[in-house]
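Report on the following structure.
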Amino acid sequence: MDYSTSGVAFSVLKNDARFPDFPDKTVVLDNTLEAFRDADKYGGRMRTYITVPKSGNYRFWVRGDDITELWLNTNGTEAEGLALIAYANRWTSGFDTTDSQESAFIELVAGESYYMEAFVMEGGGGDGLAVGWDCPDCGIPREVIPASFTRQKVGGEAIAKMFNIFDDERVTYATASERCVAQGGHGQCDYDVIEAPYLKTGFHWTNNTCDTFIKVTSDEATPGWIALVHDASSDVIQHVDETSINFFPVIWDDEYPNVDNMCSGTASGCEVIEEGCYCPVTVSESVVYDSMPASVEHIFSTLFIGAIDPSSFGSLYQSEEDSTTGIIVHKKVGEMGAVFDEHTIFEVVEVRTGRTFFLWNIVNTVNTGSGHSFRNAPHFMSMIPSETDTRDAQYETGKSNHLCG
Ligand SMILES: [Ca+2]
């Protein structure tokens, strides 16, 4: 192949009927912007959005085997704005073989995304393509660009990288956002696809909307049993999609929506479905006791959410005992006296077993659009068998922290 005029060589690639939508091979780059090895007689394109960790003046380099080009839209994410910023008309093993491999300084802004394309044309022998950068005034030495600063495009979808520190790690939305910004310079959750390592499963935060529904059975064998349905604006895993058959019993406060009353009518937001009713739900939490309960038995009949021993919170809690009933009430320091609130914990002993229970002074209720409600039982067991190990404790702890924070 004659590379004496690079434009001619790349026109062979760019005029090929397979370009750009039908490549013979597609590879997602996991580590750095370095690709293409061990083949002959091909043309390749690397494309990505890049983000920068700090605002500043960046220089770019391209190297490869054989000839290479690097294009960047310095103004944004549109392919139309691409401009040639560096190239090499011969094979290059490093970034300093020819002057044209190095771009001018380009001012880039943290948090913005820029569209980049790089090309290589290979005849025979060694091959490859890599893109590097540096930013002297923001302290970044020259390096092949790490993939953590990219958002890759495959089939028109933006792909985010996972930023977990250890397997099965779960983080708050705030932590996830912080990491995305720190490691990629991009905003959180503006992706189409989250790229997970092969065979890894898990959840990620998203800004997509998600409404919660329940299916309520009307048959005699499982009256009023429910299955949860998440109607999210992105992909939903099967155990909570509309086909879910994971029905379980709940404690309804009174009646429940059923086919006999047409699921309480269309004004309720409920629909009649094959199994029974399909209803939108909301969850509310309220304080149960605003004064000392009359008896231990009454507590066991109304409180169902376990707390941890308040002594675990150190000096955060103080306690007092009702000498008549034997009920010990734990209140947050500063809330002693008449106040019973959502932070209050009751310590009671079950007579039959002698076991001590710590119970939160709250009830969590699920309300349907039809005006019915049931107690939202604590349910820390995942319905996904592979997740039932560490998650229970994490959720329990999370609940305690939420209430005491
Ligand atoms: Ca070669």
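For the sequence shown, this note's numbering begins at 25 and goes up steadily by one.
The C-beta atom is built at its ideal place from N, Cα and C for all residues, glycine as well.
These figures come from a predicted structure and were not determined experimentally.
- In this structure Arg61 is exposed. Its beta-carbon is surrounded by fewer than 16 other beta-carbon atoms within 10 angstroms.
- Here the alpha carbon of Phe46 sits roughly 12 Å from the alpha carbon of Arg69.
- Per DSSP, the beta-bridge partners of Leu252 are Ile238.
- A distance below 7 Å between beta-carbons, with the five flanking residues on each side excluded, links Trp249 to the following residues of its chain, in chain order: Thr241, Phe271, Phe272, Pro273.
- Contact between Tyr139 and Asn97 holds: CB atoms are separated by about 4 Å, below the 8 Å threshold.
- The closest heavy atom of ligand 1 lies less than 8 Å from the beta carbon of Gly149.
- One alpha carbon belongs to Gly147, the other to Lys65, and they sit about 5 Å apart.
- Looking at the backbone, the Cα of Thr233 and that of Ser292 are separated by about 21 Å.
- DSSP places Asp89 in the strand class (E or B) of the three-state scheme.
- Per DSSP, reduced to three states, the secondary structure at Leu340 is helical.
- The beta carbon of Gly300 sits closer than 8 Å to the beta carbons of Lys239, Val240, Thr241, Ser242, Asp243, Pro281, Asn282, Val283, Cys287 from its chain, once the five residues preceding and following it are set aside; these are given in chain order.
- Cys287 sits in a helix when the DSSP states are folded into three classes.
- With distances taken between CA atoms, Thr75 lies nearest to Gly135 out of Gly135, Asp365, Pro247, Phe190.
- DSSP places Gly147 outside both helix and strand once states are collapsed to three, so it counts as coil.
- Spatial neighbours of Cys159 in its own chain (CB-CB distance under 6 Å, excluding positions within 5 residues in sequence) are listed in chain order as Gly80, Tyr82.
- The alpha-carbon of Leu53 is positioned some 10 Å away from that of Thr174.
- At least one heavy atom of ligand 1 sits closer than 8 Å to the Cβ of Trp115.
- At the C-beta level, Arg87 and Thr50 stay beyond 9 Å of one another.
- DSSP, read as helix, strand or coil, puts Thr392 in strand.
- When C-beta atoms of the region 389–398 are compared with those of the region 353–373, fewer than three pairs fall below 8 Å, so the two segments do not count as touching.
- Distances taken from the Cβ of Asp89 to the heavy atoms of ligand 1 include one shorter than 8 Å.
- Burial is judged here by how many other beta carbons sit within 10 angstroms of a residue's own beta carbon; Asn55 has fewer than 16 and is exposed.
- Restricting attention to His354, Glu344, Ile323, the CA atom closest to the CA of Phe337 is found in His354.
- In this structure, Glu344 places its C-beta atom within 9 Å of the C-beta atom of Ile352.
- At a threshold of 8 Å, Glu58 does not count as near ligand 1, since its beta carbon sits no closer than that to any of the ligand's heavy atoms.
- A Cβ-Cβ distance of about 13 Å is found for the pair Ala154 and Glu93, leaving them out of contact under the 8 Å criterion.
- In this structure, the beta-carbon distance from Gly378 to Cys303 does not fall below 9 Å.
- The residue from Thr380, Asp278, Val133 with its alpha-carbon nearest to that of Phe324 is Thr380.
- Shown here, Tyr280 sits in coil according to DSSP, grouped into three states, outside any helix or strand.
- In this model, Val253 and Val195 are separated by some 23 Å (Cα to Cα).
- Leaving aside the five residues that flank Asp314 on each side, the residues in its chain whose CB is nearer than 6 Å to its CB run, in chain order, Phe364.
- Using a Cβ distance threshold of 9 Å, Glu141 and Trp85 do not count as a contacting pair.
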